[in-house]
Amino acid sequence: MESIKRYIRILEFIAEEAITSVRRSGWMSWIVIGTMFASLTILGGFWMVTDDLNVLARAIGSRVEILVFVKDGSSVAALDDEIRQLQGIEAVTPIPKEQAWKNLQKDLKTSMSFDNLLENNPLPNALKIKVVDPKDTPDIAEKIAKMSGVEEINYGKELLAKIQQIAGFTKFLGIAITVLLSIATMAVMSNTIRLTVQNRRREIEIMQLVGASDGFIRWPFLLEGAFFGLAGAAFTGLFLLFWRTVVLTRLQDLFPFIPLEDGTFSTMKVIGYILAIGVCMGAAGSLFSVKHYLKQNG
Amino acid sequence: MESIKRYIRILEFIAEEAITSVRRSGWMSWIVIGTMFASLTILGGFWMVTDDLNVLARAIGSRVEILVFVKDGSSVAALDDEIRQLQGIEAVTPIPKEQAWKNLQKDLKTSMSFDNLLENNPLPNALKIKVVDPKDTPDIAEKIAKMSGVEEINYGKELLAKIQQIAGFTKFLGIAITVLLSIATMAVMSNTIRLTVQNRRREIEIMQLVGASDGFIRWPFLLEGAFFGLAGAAFTGLFLLFWRTVVLTRLQDLFPFIPLEDGTFSTMKVIGYILAIGVCMGAAGSLFSVKHYLKQNG
Amino acid sequence: MIKLKQVSKVYPTGVKAIVGLNLEVEAGEFVFLVGPSGAGKSTLMKLLYRAEQPTTGQVFVGGVDVSHIPQGQLAGLRQRIGVVFQDYKLLPNRSVAENVAFTLKILGMSKGDIRQRVKAALDLVGLRDHMDALPQHLSGGQQQRICLARAIVNTPPMLICDEPTGNLDPETSWEIMRLLTKINMHGTTVIVATHNKLVVDNMRRRVITIDNGRMILDQARGVYSVGVN
Amino acid sequence: MIKLKQVSKVYPTGVKAIVGLNLEVEAGEFVFLVGPSGAGKSTLMKLLYRAEQPTTGQVFVGGVDVSHIPQGQLAGLRQRIGVVFQDYKLLPNRSVAENVAFTLKILGMSKGDIRQRVKAALDLVGLRDHMDALPQHLSGGQQQRICLARAIVNTPPMLICDEPTGNLDPETSWEIMRLLTKINMHGTTVIVATHNKLVVDNMRRRVITIDNGRMILDQARGVYSVGVN
Ligand SMILES: Nc1ncnc2c1ncn2[C@@H]1O[C@H](COP(=O)(O)OP(=O)(O)OP(=O)(O)O)[C@@H](O)[C@H]1O
Ligand SMILES: Nc1ncnc2c1ncn2[C@@H]1O[C@H](COP(=O)(O)OP(=O)(O)OP(=O)(O)O)[C@@H](O)[C@H]1O
Ligand SMILES: [Mg+2]
Ligand SMILES: [Mg+2]
Numbered sequence: 002m003e004s005i006k007r008y009i010r011i012l013e014f015i016a017e018e019a020i021t022s023v024r025r026s027g028w029m030s031w032i033v034i035g036t037m038f039a040s041l042t043i044l045g046g047f048w049m050v051t052d053d054l055n056v057l058a059r060a061i062g063s064r065v066e067i068l069v070f071v072k073d074g075s076s077v078a079a080l081d082d083e084i085r086q087l088q089g090i091e092a093v094t095p096i097p098k099e100q101a102w103k104n105l106q107k108d109l110k111t112s113m114s115f116d117n118l119l120e121n122n123p124l125p126n127a128l129k130i131k132v133v134d135p136k137d138t139p140d141i142a143e144k145i146a147k148m149s150g151v152e153e154i155n156y157g158k159e160l161l162a163k164i165q166q167i168a169g170f171t172k173f174l175g176i177a178i179t180v181l182l183s184i185a186t187m188a189v190m191s192n193t194i195r196l197t198v199q200n201r202r203r204e205i206e207i208m209q210l211v212g213a214s215d216g217f218i219r220w221p222f223l224l225e226g227a228f229f230g231l232a233g234a235a236f237t238g239l240f241l242l243f244w245r246t247v248v249l250t251r252l253q254d255l256f257p258f259i260p261l262e263d264g265t266f267s268t269m270k271v272i273g274y275i276l277a278i279g280v281c282m283g284a285a286g287s288l289f290s291v292k293h294y295l296k297q298n299g
Numbered sequence: 002m003e004s005i006k007r008y009i010r011i012l013e014f015i016a017e018e019a020i021t022s023v024r025r026s027g028w029m030s031w032i033v034i035g036t037m038f039a040s041l042t043i044l045g046g047f048w049m050v051t052d053d054l055n056v057l058a059r060a061i062g063s064r065v066e067i068l069v070f071v072k073d074g075s076s077v078a079a080l081d082d083e084i085r086q087l088q089g090i091e092a093v094t095p096i097p098k099e100q101a102w103k104n105l106q107k108d109l110k111t112s113m114s115f116d117n118l119l120e121n122n123p124l125p126n127a128l129k130i131k132v133v134d135p136k137d138t139p140d141i142a143e144k145i146a147k148m149s150g151v152e153e154i155n156y157g158k159e160l161l162a163k164i165q166q167i168a169g170f171t172k173f174l175g176i177a178i179t180v181l182l183s184i185a186t187m188a189v190m191s192n193t194i195r196l197t198v199q200n201r202r203r204e205i206e207i208m209q210l211v212g213a214s215d216g217f218i219r220w221p222f223l224l225e226g227a228f229f230g231l232a233g234a235a236f237t238g239l240f241l242l243f244w245r246t247v248v249l250t251r252l253q254d255l256f257p258f259i260p261l262e263d264g265t266f267s268t269m270k271v272i273g274y275i276l277a278i279g280v281c282m283g284a285a286g287s288l289f290s291v292k293h294y295l296k297q298n299g
Numbered sequence: 025m026i027k028l029k030q031v032s033k034v035y036p037t038g039v040k041a042i043v044g045l046n047l048e049v050e051a052g053e054f055v056f057l058v059g060p061s062g063a064g065k066s067t068l069m070k071l072l073y074r075a076e077q078p079t080t081g082q083v084f085v086g087g088v089d090v091s092h093i094p095q096g097q098l099a100g101l102r103q104r105i106g107v108v109f110q111d112y113k114l115l116p117n118r119s120v121a122e123n124v125a126f127t128l129k130i131l132g133m134s135k136g137d138i139r140q141r142v143k144a145a146l147d148l149v150g151l152r153d154h155m156d157a158l159p160q161h162l163s164g165g166q167q168q169r170i171c172l173a174r175a176i177v178n179t180p181p182m183l184i185c186d187e188p189t190g191n192l193d194p195e196t197s198w199e200i201m202r203l204l205t206k207i208n209m210h211g212t213t214v215i216v217a218t219h220n221k222l223v224v225d226n227m228r229r230r231v232i233t234i235d236n237g238r239m240i241l242d243q244a245r246g247v248y249s250v251g252v253n
Numbered sequence: 025m026i027k028l029k030q031v032s033k034v035y036p037t038g039v040k041a042i043v044g045l046n047l048e049v050e051a052g053e054f055v056f057l058v059g060p061s062g063a064g065k066s067t068l069m070k071l072l073y074r075a076e077q078p079t080t081g082q083v084f085v086g087g088v089d090v091s092h093i094p095q096g097q098l099a100g101l102r103q104r105i106g107v108v109f110q111d112y113k114l115l116p117n118r119s120v121a122e123n124v125a126f127t128l129k130i131l132g133m134s135k136g137d138i139r140q141r142v143k144a145a146l147d148l149v150g151l152r153d154h155m156d157a158l159p160q161h162l163s164g165g166q167q168q169r170i171c172l173a174r175a176i177v178n179t180p181p182m183l184i185c186d187e188p189t190g191n192l193d194p195e196t197s198w199e200i201m202r203l204l205t206k207i208n209m210h211g212t213t214v215i216v217a218t219h220n221k222l223v224v225d226n227m228r229r230r231v232i233t234i235d236n237g238r239m240i241l242d243q244a245r246g247v248y249s250v251g252v253n
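Same order as they appear, the protein sequences are chains A, B, C and D. Residues are numbered in the numbering used here as their position in the first sequence, beginning at 1, plus a constant of 1. Residues are numbered in the numbering used here as their position in the second sequence, beginning at 1, plus a constant of 1. Residues are numbered in the numbering used here as their position in the third sequence, beginning at 1, plus a constant of 24. Residues are numbered in the numbering used here as their position in the fourth sequence, beginning at 1, plus a constant of 24.
The following block contains the structure:
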């Protein structure tokens with residue numbers, strides 16, 4: 002009974018120690034929290050931008066269409082039905098040759114009317130096909146090509162390849178930079194904490210000499226580090242939320258053509274990670290450096 | 002004479018102090034330099050990526066062309082000459098209507114030969130004009146439109162507007178992020194230095210009490226801070242150089258379509274800035290915090 | 025209570041601080057440790073609360089060989105030894121009361137008990153009025169007395185005082201010595217390293233004289249011997 | 025040399041450390057400052073080298089009102105006063121020799137001169153053998169002597185020693201006192217705060233007794249007065 006009370010009192014004391022330690026740090030707290038904030042904002046901001054870029058890439062990719070030219074005399078409707086039965090098709094839009102002819106004129110931006118020059122339209126009927134996942138395009142195109150009534154098929158093979166290469170490149174770049182950035186952020190955070198602990202090495206030594214156990218010394222530092230990480234991460238979270246809801250929304254009003262996700266979910270996910278990283282790095286940084294001093298004087 | 006010698010000796014001593022101070026810092030030096038390196042690499046890396054994106058944007062922008070359709074019967078060569086006399090023109094390429102007709106067929110990707118269907122080509126002669134700066138395009142287009150012999154003019158008004166909007170957006174974003182990143186980097190750097198100085202507040206107090214002047218105390222710290230900044234920046238420079246010459250070159254081999262600058266000049270510029278920022282922030286951070294302690298105990 | 029067997033301490037710098045020392049102190053004894061500056065008094069004391077480890081030999085405190093104590097039991101050992109450090113070792117930025125309370129808090133004592141004990145201890149060393157001051161805002165002698173209050177607040181079975189009156193005026197020094205005697209009479213083993221000839225000569229207690237890391241004299245009811253060697 | 029006019033010092037904490045003190049010390053005098061722990065001796069000394077500023081009154085040192093000295097002349101003042109601090113204030117991580125040399129280096133002295141003077145000073149306090157040790161690797165008394173060596177190495181016209189023998193055995197204390205006497209005979213003004221009754225009673229110098237921030241006794245050839253009030 003008494004021993005349980007004792008443990009509770011010790012836990013209470015550890016919590017108190019952590020709190021007073023944070024309070025006493027004064028302007029140093031703000032430096033540490035500021036550093037945490039800065040590092041985490043860089044990391045979180047980059048994550049969010051990467052997310053946005055992915056959305057952009059997907060948006061561009063989804064604009065790739067398959068154009069099927071139908072043999073003269075074949076049934077456009079039948080081919081349409083057949084294509085719709087394939088997997089991964091989002092939409093099939095028929096383009097009658099009359100319309101294609103008009104489009105062509107418009108595309109050529111010439112005021113001369115082709116109608117006046119030609120009696121019969123030289124273009125075939127066509128079907129415009131949207132696929133769900135741009136990656137499937139080549140497969141689907143191949144299948145369609147084998148169908149009867151298909152005169153010719155065209156799906157921007159080169160463009161698609163280029164877009165996929167670009168996507169691969171940005172993905173590679175994104176992963177590389179994220180990894181480097183995470184390492185840098187974590188290094189900065191744990192090092193900052195280490196410097197604050199180093200600042201109190203004498204205190205640690207004294208506590209050991211008057212009989213404080215290693216756990217007793219370690220825990221308040223750990224809580225303090227975790228708190229600093231959490232505080233920095235919380236500011237980062239607020240900043241990212243502000244960025245997403247206010248700044249980006251404004252920007253999207255100004256530049257409406259930029260396709261961005263609604264983003265609330267993604268932002269919450271990023272903020273969650275940021276909080277976790279903040280707490281872990283703060284705690285780990287202080288744990289690591291306290292251990293260093295505990296060993297020295299143990 | 003003796004007084005000059007004295008000053009030289011004091012300067013010598015200040016340099017010595019700075020050097021031994023760095024040496025004595027031990028693992029702390031590496032933490033500080035590591036933090037500097039991490040912060041500066043984030044900043045410098047972002048600069049370089051922004052530079053690359055600008056190059057990319059310029060490359061896209063420069064693909065905007067003005068297409069001039071020449072009135073049937075007018076002299077293509079005369080118009081060509083007249084256009085060349087305008088300022089900001091990079092190249093003028095005539096496109097005879099026969100060639101345009103063939104291109105059209107190719108563009109439509111249809112195996113049907115238009116030749117078979119038409120006796121006379123409905124298309125006009127054209128001139129393709131490249132301008133030096135995409136921004137001038139509307140102005141130049143307007144001037145050309147007024148020339149005699151011009152049937153119609155077409156320069157992708159919407160596309161250009163869109164590209165310019167995107168360029169504006171990325172430029173805005175780039176500047177915003179660069180400013181935020183610079184602030185964050187500088188905060189992290191000077192704060193790290195402040196923590197190391199805070200670590201030696203007792204030393205500063207003792208030095209003051211035994212008669213060291215403020216300048217005497219300040220200078221070694223300043224030199225030390227500058228050194229840490231320089232060291233961190235130097236590592237960053239090496240990293241960026243490596244990134245540019247090895248990694249990016251490899252990547253460009255893999256993804257040859259990504260148009261990047263030769264980059265040596267731009268990299269050097271970025272590295273120059275990074276070195277300057279490193280030195281200044283290191284020095285400023287330590288100066289600032291030493292001053293704080295000097296005032297307290299002065 | 026204390027038993028040193030052929031103890032030697034060579035610091036990493038090569039300094040031989042203790043050389044082949046044998047010593048036995050019974051529980052409840054009061055021992056003065058004297059000797060010139062740099063003789064090895066502080067080093068000997070550091071071996072007892074395991075701030076240093078002997079290079080050779082064994083150090084028994086309360087029947088335990090403290091030089092081979094596992095890391096996990098170290099805190100427990102130090103909780104049972106009250107120490108007045110020569111350089112005070114007070115926690116900066118914590119009030120006098122918090123400094124003294126620290127050794128009780130790590131034992132998980134209740135707040136009421138802690139408050140009561142801290143006040144009593146500070147009363148004994150005459151610092152009740154300075155309870156809420158910070159150590160760095162007190163005089164040298166006052167700081168030394170905080171350190172003593174912290175050492176005794178926990179009523180440990182053994183008290184080690186390294187130069188506890190170095191910064192105290194003769195009158196206050198005598199009060200401290202009376203206090204230590206009283207504590208000793210309640211059964212606590214007390215070891216005091218001191219340079220205070222007046223105190224040692226008047227108390228007539230066991231005096232162990234150390235020079236150059238060797239015990240050169242062990243008098244049962246001794247005096248401060250000047251220039252023994 | 026020193027003149028205090030109606031000096032009072034109230035610390036920000038509200039403690040009245042010095043109350044309406046008037047004091048004059050001639051150049052070349054040797055003065056003992058005594059009084060119980062917390063009397064205000066250290067505070068008085070801190071006013072002289074401007075580690076603290078008086079709340080009211082004026083403090084003249086060498087004809088200059090040091091309490092109103094501009095920031096730029098502060099270092100110069102302190103260069104002319106050698107101080108043995110009660111808590112030593114040694115630079116950590118610098119060898120004994122470097123600590124002592126520091127006060128010479130900031131004067132821009134040549135390396136040869138510095139080496140010679142440092143060795144001489146360490147010889148005087150008996151630490152020649154420990155030149156290259158770090159202060160934290162020395163005993164309490166040894167650290168105190170480094171501090172003294174640093175204070176005298178620059179042969180300042182005024183020497184302030186705050187409890188310079190608190191951690192020294194009687195024999196070494198006497199040596200230090202002989203050294204201070206010798207320095208004083210070369211013209212240096214020496215002020216020593218101490219609790220060492222034996223020393224004060226045997227030296228028969230001017231003794232100023234302070235209690236509760238007030239000067240209660242000023243004897244020309246005095247002794248340590250116990251329980252004056
Ligand atoms: N941490 C250390 N590292 C190296 N040498 C040390 C260390 N501590 C003490 N010494 C040396 O060991 C010897 C004994 O030191 P110790 O502190 O035990 O002396 P002391 O008897 O307490 O002296 P004092 O009365 O001056 O306090 C001295 O020569 C000292 O220089
Ligand atoms: N920095 C400070 N802030 C607040 N109060 C202080 C400060 N320094 C000293 N005091 C108080 O001023 C009074 C005089 O202190 P001072 O250090 O001058 O005493 P002292 O005579 O040197 O004592 P000792 O012999 O113990 O060294 C004491 O009551 C002390 O608590
Ligand atoms: Mg000692
Ligand atoms: Mg004092």
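Ideal Cβ positions, reconstructed from N, Cα and C, are used throughout, including at glycine. Just so we're clear, the structure is a prediction, and the values are computed from it rather than from any experiment.
Neighbour flag for residue 42 of chain A against chain B, beta carbons, 8 angstroms: Residue mapping note: residue 42 of chain A aligns to position 41 of the first sequence, counting from 1. It does: the Cβ of residue 42 of chain A has a partner Cβ on chain B nearer than 8 angstroms.
First through last residue of the alpha helix (DSSP H) which encompasses residue 135 of chain D: Translated into the one-based positions of the fourth sequence, residue 135 of chain D becomes position 111. Element bounds for residue 135 of chain D: 135-148.
Neighbour flag for residue 8 of chain A against chain C, beta carbons, 8 angstroms: Translated into positions along the first sequence, residue 8 of chain A becomes position 7. Yes - at least one Cβ of chain C is within 8 angstroms of the one on residue 8 of chain A.
Under 8 angstroms (Cβ pairs) to chain D, residues found in the region 24-37 of chain B: 25
Cα-Cα separation between residue 193 of chain D and residue 44 of chain C, rounded to whole angstroms: Position 169 of the fourth sequence, counted from the start, is the residue given in the question as residue 193 of chain D. Position 20 of the third sequence, counted from the start, is the residue given in the question as residue 44 of chain C. So the two alpha carbons sit approximately 23 angstroms from each other.
Under 8 angstroms from the C-beta of residue 204 of chain A: neighbouring residues of chain C: Here residue 204 of chain A refers to the residue found at position 203 of the first sequence. Here the neighbours are 115, 116.
Other residues of its chain near residue 90 of chain A: CB distance less than 8 angstroms, five sequence neighbours each side excluded: As a working mapping, residue 90 of chain A is identified with position 89 in the first sequence. Correct list, in chain order: 84, 130, 131, 132, 133, 141.
Beta carbon proximity, residue 196 of chain A to chain B, threshold 8 angstroms: Along the first sequence, one-based indexing puts residue 196 of chain A at 195. True, the Cβ-Cβ gap to chain B drops below 8 angstroms.
Spatial distance of residue 290 of chain A from residue 95 of chain D (CA atoms): Position 289 of the first sequence, counted from the start, is the residue given in the question as residue 290 of chain A. Position 71 of the fourth sequence, counted from the start, is the residue given in the question as residue 95 of chain D. The alpha-carbon atoms of residue 290 of chain A and residue 95 of chain D are separated by roughly 39 angstroms.
Nearest-angstrom Cα separation, counted from residue 48 of chain A out to residue 273 of chain A: By 1-based counting over the first sequence, the position of residue 273 of chain A is 272. By 1-based counting over the first sequence, the position of residue 48 of chain A is 47. Between residue 273 of chain A and residue 48 of chain A, the C-alpha separation is close to 12 angstroms.
Alpha-carbon to alpha-carbon, residue 104 of chain D and residue 180 of chain D: Within the fourth sequence, the letter at position 156 stands for residue 180 of chain D. Within the fourth sequence, the letter at position 80 stands for residue 104 of chain D. If I take the Cα positions, the gap works out to 5 angstroms.
Classification of residue 3 of chain D by the beta-carbon crowding that lies within 10 angstroms, buried from 16 upward: This structure cannot settle anything about residue 3 of chain D, because the visible part of chain D is limited to 25 through 253.
Outcome for residue 187 of chain D when other beta-carbon atoms lying within 10 angstroms are tallied against a minimum of 16: If you number the fourth sequence from 1, residue 187 of chain D lands on position 163. The residue is buried, with at least 16 neighbouring Cβ atoms inside 10 Å.
Inter-stretch contact at 8 angstroms, needing at least 3 Cβ pairs: the region 218-236 of chain C / the region 55-70 of chain C: yes
Entirely enclosed alpha helix (DSSP H) segments - the region 181-260 of chain B, minimum 4 residues: 202-210, 215-243, 250-255
Sequence-distant residues of its chain with Cβ nearer than 6 angstroms to residue 287 of chain B (five each side left out): Counting from one through the second sequence, the residue named residue 287 of chain B turns up at place 286. If we look at residue 287 of chain B and ignore the five residues flanking it on each side, its Cβ neighbours are 194, 198, 222, 223, 226.
Beta-carbon proximity check, residue 207 of chain C vs residue 176 of chain C, cutoff 8 angstroms: On the third sequence, position 183 is the one that residue 207 of chain C refers to. On the third sequence, position 152 is the one that residue 176 of chain C refers to. Taking 8 angstroms as the Cβ cut-off, residue 207 of chain C and residue 176 of chain C qualify as a contacting pair.
Option nearest residue 7 of chain B by Cα separation, candidates D:130, D:70, D:172, D:91: Within the second sequence, numbered from 1, the residue matching residue 7 of chain B stands at position 6. That would be D:130, whose Cα lies nearest to the Cα of residue 7 of chain B.
Residue range of the unbroken beta strand (DSSP E) whose run includes residue 200 of chain D: Translated into the one-based positions of the fourth sequence, residue 200 of chain D becomes position 176. From DSSP, residue 200 of chain D is part of no beta strand (DSSP E) but of the alpha helix (DSSP H) over 194-209.
Contact set between residue 14 of chain B and chain D, taken where Cβ atoms lie within less than 8 angstroms: Position 13 of the second sequence holds residue 14 of chain B. Going along chain D in sequence order, the residues near residue 14 of chain B (Cβ under 8 angstroms) are 129, 130, 132.
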